[in-house]
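Visitor:
There are 4 protein chains.
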Amino acid sequence: MARGINKVILVGNLGNDPETRYTQGGMAITRISLATTSVRKDKDGNQQERTEWHRVVFFGKLGEIAGEYLRKGSSVYVEGSIRYDKYTGQDGQEKYSTDIIADEMQMLGGREGGGGGGMGGGDRPARTPRQEYGNQGGGGGQRRQAPAPASQPAPMDDFADDDIPF
Amino acid sequence: MARGINKVILVGNLGNDPETRYTQGGMAITRISLATTSVRKDKDGNQQERTEWHRVVFFGKLGEIAGEYLRKGSSVYVEGSIRYDKYTGQDGQEKYSTDIIADEMQMLGGREGGGGGGMGGGDRPARTPRQEYGNQGGGGGQRRQAPAPASQPAPMDDFADDDIPF
Amino acid sequence: MARGINKVILVGNLGNDPETRYTQGGMAITRISLATTSVRKDKDGNQQERTEWHRVVFFGKLGEIAGEYLRKGSSVYVEGSIRYDKYTGQDGQEKYSTDIIADEMQMLGGREGGGGGGMGGGDRPARTPRQEYGNQGGGGGQRRQAPAPASQPAPMDDFADDDIPF
Amino acid sequence: MARGINKVILVGNLGNDPETRYTQGGMAITRISLATTSVRKDKDGNQQERTEWHRVVFFGKLGEIAGEYLRKGSSVYVEGSIRYDKYTGQDGQEKYSTDIIADEMQMLGGREGGGGGGMGGGDRPARTPRQEYGNQGGGGGQRRQAPAPASQPAPMDDFADDDIPF
DNA sequence: TTTT
DNA sequence: TTTT
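Protein chains in written order, with the numbering used here: chain A, 1 to 166; chain B, 167 to 332; chain C, 333 to 498; chain D, 499 to 664.
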């Protein structure tokens, strides 16, 4: 049984449009890059900013919704858990990655639309914001129970459902 | 100003005794390795366990308390934020690390004492559990404002306060 | 759709054995009284304690587990949401109550067993602690979607499923 | 020492302009009414909405900021703890109230401005949103350590600092 | 009413 | 490496 609590709560903005892929079994996997910025005063009393970029992953139904409604610049609430992965890079080196596996999401009203999407076509408009979505409903049955494949620096191409290492 | 929320809540057990170091300015920095285990059913309906090992860092007064009261096996509640760091390894490669910067902690009653400590002297008994500590009080003034140096695979030896990269 | 986040995280001890009832439809509803104690320094610098007693409600499968495994004195992690209710007391007066509707629970290792139960028979031993349970799985299908009836000072006797006011 | 965790996280919208009062000692106390709405499917498969109205209280510096920047309609993230109070109403009856004592707040970008304020003059424009504020800094020293007086149905007029019942 |  |  589960022992321990591993919970993450984020509110931040997307640095790019989401990227959605599908497993061979048809399950959506959407990844976003989410910025949270904090401030502290350094020892000279100056305001110092620091931004963390979180790699957030949405599976299944939540992945479809995230891919459809979120855009670069969108403001979003995410709840999930931290997942650490280790893999061998293409250079043969061991690498580590950290992902936030989302199991709840809610769009907030800031900068929806976003636009000017990053690399790909992007630029589909976001729909109505301020809705909450979770991955816990019965039925489709992929929620945290069906979490993350290999992580960011790692490629996630061409993988079958069976490749999901968990 | 701050934009966004970056909050982590963990309940887990220490895999080893804490490691405490001090900056040249005398500030304590304590690191622990904290396990949280979750379960899911795989597609064959079998229970699959997965453990995440979180690297948690406590600064200042909180670092002193963590170093003094926590032990291998201790059960603890931690609240903090995620911090991602990038550094150059001794092999000249860019590496990444992820730390949880604690700003609150509370010992829970499970397996206090721990004992059988790892490598170093260790084995001092834990004191009374079930107390909550935070890093927000005025005075000493190191709290999240004085967060993490380079991360785990990275060495944290011999650094002066000025070396703290934030 | 949902707008907003309403999330509560509690770690505390039960003041009494749980009370479990069943709807006419057979759904379990378990209530516990959970203490959390905080400290502050008053203006004279003295430590002042204050205990909050949370009325936590578990529905469905989670209600069965809570009723079976928790006991007076048990230490438990609860995650849920706040629910405010208004009802007319037997004296004809409008009254208010506040409940925490649990959707996740995890027993912690403190004082399991409890024993010496309050008023009723009680005194069944708690089972193995340190397991996490949630109400989100498909199937039975009562989770937050099937939350709380009238609240504490209000009686919760003899109600049919149809009486659940939501 | 503290035993237990009592943590609340809310994202919602203000139903009215904030109300700010000052203790005789000059400490600001600001109250807001914050809505969070959730949905569930009832047994007929229809979407059922339910809104909780949280009474959130900000003290000290945080109270000043909340009073100055929040407005009816503002979207806000609040972190704090639950506080239950019992008092004797003007009708001589015992009454109960529940407040969320905020210790962190961050304005979100939705509907700032708000306008059309409720009862009082209101209608000052909100300032720049998306900033995070906490009550933990040293100095003034009112944070959760200086929480809530009597609660909503209860009057909070004319009270001196010494009247604060904690 | 719990717990430390 | 912990814990159940």
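From the three backbone atoms N, C-alpha and C, an ideal C-beta is built for every residue, glycine too.
Remember, predicted model here, so these are calculated numbers, not experimental data.
1) In this structure, does DSSP put B:Ala168 in helix, strand or coil?
2) A:Ile9 versus chain B: which residues are under 7 Å apart at the beta carbon?
3) Helix, strand or coil: which one does DSSP assign to B:Gly181?
4) Residues of chain B with CB under 8 Å from C:Leu440, in chain order?
5) In the region 567-609 of chain D, which residue ranges form an unbroken beta strand (DSSP E) of at least 3 residues, counting only runs that do not cross its ends?
6) If the criterion is Cβ atoms closer than 8 Å, does the pair C:Ile382 and C:Thr362 meet it?
7) What's the C-alpha gap between D:Met605 and D:Asn514?
8) For D:Gly565, count the other beta carbons within 10 Å of its own beta carbon; 16 or more makes it buried, fewer makes it exposed. Which is it?
9) Beta-carbon of B:Ala268 versus every beta-carbon of chain D: anything under 8 Å?
10) Between the region 378-392 of chain C and the region 416-423 of chain C, are three or more C-beta pairs nearer than 8 Å?
11) Check whether the Cβ atoms of A:Ile5 and B:Ile175 lie closer than 8 Å to each other.
12) Hey, would you say B:Leu200 sits closer than 8 Å to B:Lys238, going by beta carbons?
13) Given this structure, state the Cα-to-Cα distance separating C:Met359 from C:Glu351, to the nearest angstrom.
14) Using C-beta distances below 8 Å, list every residue in its chain close to C:Thr430, excluding the 5 sequence neighbours before and after it, in chain order.
15) A:Gly134 lies in the beta strand (DSSP E); which residues open and close that run?
16) What did DSSP end up calling A:Lys61 once you bin it into helix, strand or coil?
17) Would the beta-carbon of B:Asn301 fall within 8 Å of that of B:Leu228?
18) Can you grab the Cα-Cα spacing for the pair A:Tyr22 / D:Tyr631, in whole Å?
19) Select from A:Lys95, A:Val39, A:Val11 and A:Ala2 the residue whose C-alpha is nearest the C-alpha of D:Val574.
20) Thinking just about the alpha-carbon of each residue, which of A:Asp103, A:Arg40, A:Lys43 and A:Ala2 is nearest to the one in A:Val172?
21) Which same chain residues end up closer than 6 Å to B:Asp208 when comparing Cβ atoms and leaving out the 5 residues on each side of it in sequence?
22) Given that C:Tyr428 touches chain D, what residues does it touch there, using C-beta distances under 9 Å?
23) Distance cutoff 8 Å, beta carbons only. Does C:Glu396 sit that close to anything in chain A?
24) Cβ of D:Glu630 less than 8 Å from any chain B Cβ?
25) Could you confirm whether any beta carbon from chain D is found closer than 8 Å to the beta carbon of C:Arg415?
26) Between which residues of its own chain and D:Gly563 is the CB-CB distance below 8 Å, once the five residues before and five after are set aside?
27) Using a Cβ-Cβ cut-off of less than 7 Å, list which residues of the region 527-538 of chain D approach chain C; keep chain order.
28) Between D:Met499 and chain B, is any beta-carbon pair separated by less than 8 Å?
29) Using the DSSP secondary-structure output, state which residues sit across from C:Gln356 in a beta bridge.
30) By alpha-carbon positions, which one of B:Asn212, B:Glu218, B:Arg169 and B:Ala168 ends up nearest to A:Arg3?
31) Tell me, to the nearest whole angstrom, how far the beta carbon of C:Gly377 is from that of B:Gly275; I am working on the premise that it is less than 8 Å.
32) Considering only the alpha carbon of each residue, which of B:Met167, B:Ile198, B:Gly246 and B:Lys173 lies closest to A:Val39?
33) Might you give, ordered along the chain, the residues of its own chain that have their beta carbon closer than 7 Å to the beta carbon of D:Ile530, omitting 5 neighbours on each side?
34) Could you round the C-beta distance between A:Tyr96 and B:Tyr262 to whole angstroms and report it? I think they count as a contact, below 8 Å.
35) Do you know how far the Cα of B:Lys173 is from the Cα of A:Gly80?
36) Is it right to say D:Pro645 is buried, meaning 16 or more other beta carbons lie within 10 angstroms of its own, or is it exposed?
Guide: Answer, in terms of the structure:
1) coil
2) Ile171 and Lys173
3) coil
4) Val177, Ser241, Leu274, Gly275 and Gly276
5) 573-586 and 592-606
6) Note that residue 382 of chain C corresponds to Arg in the displayed sequence, not to Ile. Result no, Cβ atoms of C:Arg382 and C:Thr362 do not sit closer than 8 Å.
7) 15 Å
8) buried
9) no
10) no
11) yes
12) no
13) 14 Å
14) Arg387, Ile414, Arg415, Tyr416, Asp417 and Ser483
15) Glu132 to Gly134
16) helix
17) yes
18) 40 Å
19) A:Val11
20) Given that chain A is displayed from residue 1 to residue 166, the structure contains no residue 172 of chain A and the question cannot be resolved.
21) Gln214
22) Lys593, Tyr594, Ser595, Thr596 and Pro651
23) no
24) yes
25) yes
26) The question names Gly, but residue 563 of chain D is Ile in the sequence shown. So the list reads Phe556, Met603 and Tyr631, once near-sequence residues are dropped.
27) Ala533, Thr534, Thr535, Ser536, Val537 and Arg538
28) yes
29) Paired residue(s): none; C:Gln356 is not in a bridge.
30) B:Glu218
31) At roughly 29 Å, the Cβ-Cβ gap does not stay under 8 Å, so C:Gly377 and B:Gly275 are not in contact.
32) B:Met167
33) Leu512, Pro516, Val554, Ala564 and Leu568
34) 6 Å
35) 11 Å
36) Unreliable placement is indicated for D:Pro645, whose pLDDT of 31 sits below 50; no coordinate value is reported for it.
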